[in-house]
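These protein sequences, in sequence, are chains P and Z.
Residue numbering for the first sequence follows the working numbering, starting at 151 and increasing by one per position.
Residue numbering for the second sequence follows the working numbering, starting at 416 and increasing by one per position.
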Amino acid sequence: MTAQSDENRLSQIFKIEGRDFSKAGSISTKIKEILQEVGIDSSIIRRAAIAAYEAEMNVVMYAKKGELALDITPEKLQIKLSDEGSGIEDINKAMQEGYSTATDEMRELGFGAGMGLPNIKKNADEFDISSIKGKGTTVNIVIYLNQAEKK
Amino acid sequence: MNHYYHSIRIDTKKCTGRMNCMRICPTQAIRIRDRKAIILEERCIDCGECITACPEGAILPLTDPFGELTKFRHTIAIPSPALYAQFGREILPDKMLSGLKTLGFDEAYDLAMTCGEVSFAIQEYLREYKGPKPVISNACPTIVRLIQVKYPDLIDQLIPIEPPRELAAREIKKKKSKQLGLKEKDIGAFYLTPCPVKMISIKQPAEKGKSYLDGAISISDIYGPLLSAMEGMEKGSYRKALESICILGIGWGMVGGICRTLRLRNSLAVSGLTEVLKVFDDIERGKLKNIDFIEAYSCPQGCVGGSLTVENLYISYNKVLKLVEDLEFEKIKACPDIREVRKLYKQDYFFMKRKIEPRPLKPLDEDLSKAIQKRREKEEIHNTLPQIDCGACGSPTCLTFAEDVVRGEAEISDCVFNLPQKLKLLYDQMSDLLNKSVSLNPALHKEKKAKTGKK
């Protein structure tokens with residue numbers, strides 16, 4: 151039995167509006183609450199919350215709108231983020247710590263330290279990113295719930 | 416199952432089920448069942464918001480009556496620095512401490528001195544600290560409980576130093592038992608508390624050890640007697656009284672007092688539970704990593720805003736602030752010797768003996784697969800609800816109601832919006848019964864047939 155029956159799966163989609171700074175962060179808080187109710191270990195919850203928050207902020211800062219899809223099974227949790235926006239010109243550069251295209255205004259707000267994507271990657275067990283310039287970006291991360299069975 | 420002792424009791428005779436408490440509770444720990452409020456022990460963090468919210472006065476803090484004093488051979492009052500802010504600007508701590516002695520305590524101890532020592536110890540701790548930031552103050556027991564329940568992953572950021580009230584009780588008992596030749600258990604140390612949660616931190620410390628204090632008496636209970644006691648007293652020298660105040664310690668009564676008197680540049684001070692929740696969410700997201708220290712209190716403006724204080728919290732906050740400013744201006748530093756504190760710090764004098772463990776809420780199910788299923792069911796139920804959080808079902812929001820249903824603690828028909836469905840169900844059941852009785856009673860059967868025949 152390799153296929154995951156749908157009974158044991160929890161999927162939820164959250165919409166994110168670009169530039170809506172007032173609500174920024176609310177999705178990662180909701181995700182945290184869901185994971186707590188399900189009884190996930192708090193260190194994993196923290197990693198997921200940080201990754202979700204950084205991903206959410208990327209959409210708020212750089213995209214028109216986006217969607218975060220959360221998917222939990224007893225083995226792993228997956229967060230898939232896709233946005234409609236300008237896309238990332240050079241992904242390799244964007245993955246470097248300290249690299250940022252944030253405007254001065256965003257930096258004033260405490261963002262744009264160039265840690266967003268590296269931070270997402272650091273907190274995930276699996277990470278992939280793809281982007282089409284002028285269209286948008288997709289980020290996909292997986293965190294295994296039983297860290298002992300990771301590999 | 417863990418049993419949590421709480422400082423809050425509901426008087427069911429007075430409770431009219433008006434839901435004010437249920438709506439204000441920051442951890443959704445109150446439900447209304449059969450028109451009476453009940454507290455879900457596991458969720459309650461003893462913040463006392465419900466006490467102030469209840470228009471009927473049906474929610475009571477549990478503190479010790481004065482009578483408890485007679486159980487001990489030697490009694491010591493240890494007032495929270497918030498007491499010092501309760502009376503007019505001219506009344507300084509020395510007068511209050513003398514006043515307390517006329518009320519039946521053998522001694523009154525100035526906690527501000529110990530607060531000052533702990534401030535220095537915090538400074539030492541921050542200097543050596545290498546873990547995740549910011550470090551969070553444990554002065555407020557509600558904040559400690561909030562972290563145990565809602566932010567378990569921040570537990571290692573709580574400062575592991577004994578709060579001053581505990582440290583003071585520990586040391587003074589040691590000293591007095593030697594001095595007076597009494598056993599430590601014959602010495603009663605009573606905290607004069609601005610809030611109900613400190614009572615609980617004595618009966619059931621967050622770290623599950625034993626408190627060094629023997630009880631807590633509410634500041635509001637002692638206010639009147641103390642005021643009368645002070646009225647008859649001679650007026651001493653203001654300047655002299657001022658010189659005995661430890662500036663580091665007096666600041667503990669108000670939010671920001673620790674940060675200000677220690678001159679911690681890279682720190683935040685936050686008060687009021689809703690504000691604290693916002694800041695803690697930000698810490699979890701990794702947003703405040705460059706802050707060294709956070710002072711957080713559940714009551715607005717810090718301990719002076721506790722629900723068992725008497726004076727308006729802005730006035731008392733201002734009194735502490737003015738006192739700190741006066742002491743700064745006069746350059747009065749009646750504080751503990753920092754070298755002495757450093758020596759004690761190295762001897763582990765300040766550290767708590769036990770670790771604070773998380774107290775996360777029970778998951779929807781112990782089994783992960785089932786918990787995931789139940790979480791999905793909760794979402795599905797929530798989608799069928801009106802989502803207006805009316806509270807008529809007895810749960811504070813539609814989302815918590817959906818959770819209560821999934822946990823088997825509420826019925827879906829408890830929602831008034833499901834009433835039509837419930838009525839239909841009842842109607843169906845009744846007509847079923849009726850049909851059965853008709854078929855059992857041929858006479859009724861005939862009558863019914865005759866009626867339909869007429870049409």
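C-beta atoms are modelled at their ideal positions from N, C-alpha and C, and glycine is treated no differently.
Keep in mind that this is a model prediction, so the values were computed, not measured.
Per DSSP, reduced to three states, the secondary structure at Z:Ala523 is strand. Interface flag for P:Leu218 against chain Z is unset, since no Cβ pair is found closer than 9 Å. Shown here, Z:His421 sits in coil according to DSSP, grouped into three states, outside any helix or strand. Look at the beta carbons and you see the stretch 540-549 of chain Z not touching the stretch 610-619 of chain Z: under three pairs across the two are nearer than 8 Å.
9 Å or more divides the Cβ of Z:Arg560 from the Cβ of Z:Ile474.
Z:Glu726: not part of any alpha helix (DSSP H); DSSP gives it neither H nor E. Z:Leu783 and P:Val188 have their C-alpha atoms some 7 Å from each other. Using a Cβ-Cβ cut-off of 9 Å, Z:Ile787 counts as an interface residue toward chain P, since at least one Cβ of chain P sits closer than that to its own. With contacts defined by Cβ atoms closer than 9 Å, Z:Met511 and Z:Gly806 do not form a contacting pair. When rounded, the separation of the alpha-carbon atoms in Z:Lys589 and Z:Thr467 is 38 Å. At a C-beta separation below 7 Å, P:Leu160 has these neighbours in chain Z: Ile787, Arg790 and Arg791. A buried status is given to Z:Ile709, since no fewer than 16 other beta-carbon atoms sit within 10 Å of its beta-carbon. In terms of Cβ geometry, Z:Leu628 and Z:Ala604 form a close pair [threshold 9 Å]. The Cβ atoms of Z:Tyr653 and Z:Gly687 lie no closer than 9 Å to each other. Under the three-state reduction of DSSP output, P:Asn273 falls in the helix class. Every unbroken stretch of the alpha helix (DSSP H) spanning 4 or more residues and falling wholly within the stretch 212-251 of chain P is given here in chain order: 241-244. By a beta-carbon distance limit of 8 Å, P:Glu206 does not contact P:Ala244. Their separation comes to about 17 Å. Under the Cβ criterion (8 Å, minimum of three pairs), the stretch 191-203 of chain P counts as touching the stretch 288-299 of chain P.
In the three-state DSSP reduction, Z:Lys650 falls in the coil class, being neither helix nor strand. Taking 9 Å as the cut-off, the beta carbon of Z:Val533 is found no closer than this to the beta carbon of Z:Ile587. For Z:Leu776, the neighbours in chain P by C-beta distance under 8 Å run, in chain order, Gln186 and Glu187.
For P:Pro224, the C-beta contacts it makes with chain Z under 8 Å involve Leu783, Ser784 and Ile787, in order along the chain. The C-alpha of Z:Leu677 is placed about 32 Å away from the C-alpha of Z:Asp636. Proximity of the stretch 511-526 of chain Z to the stretch 738-755 of chain Z falls short of the contact definition, fewer than three beta-carbon pairs being nearer than 8 Å. Contact annotation: the stretch 789-802 of chain Z touches the stretch 817-826 of chain Z, with at least three C-beta pairs closer than 8 Å. When the alpha-carbon of P:Leu218 is set against those of P:Asn158, P:Leu227, P:Ile177 and P:Lys285, the nearest one is in P:Ile177. Taking C-alpha positions only, Z:Met437 is separated from Z:Gly717 by approximately 23 Å. Within the same chain, Asp461, Pro476, Leu477, Pro611, Val612, Met614 and Ile615 come within 7 Å of Z:Ser422 by CB-CB distance, once the 5 residues on both sides are set aside. Contact between Z:Pro556 and Z:Ala621 is confirmed by a C-beta separation of about 7 Å, below the 8 Å threshold.
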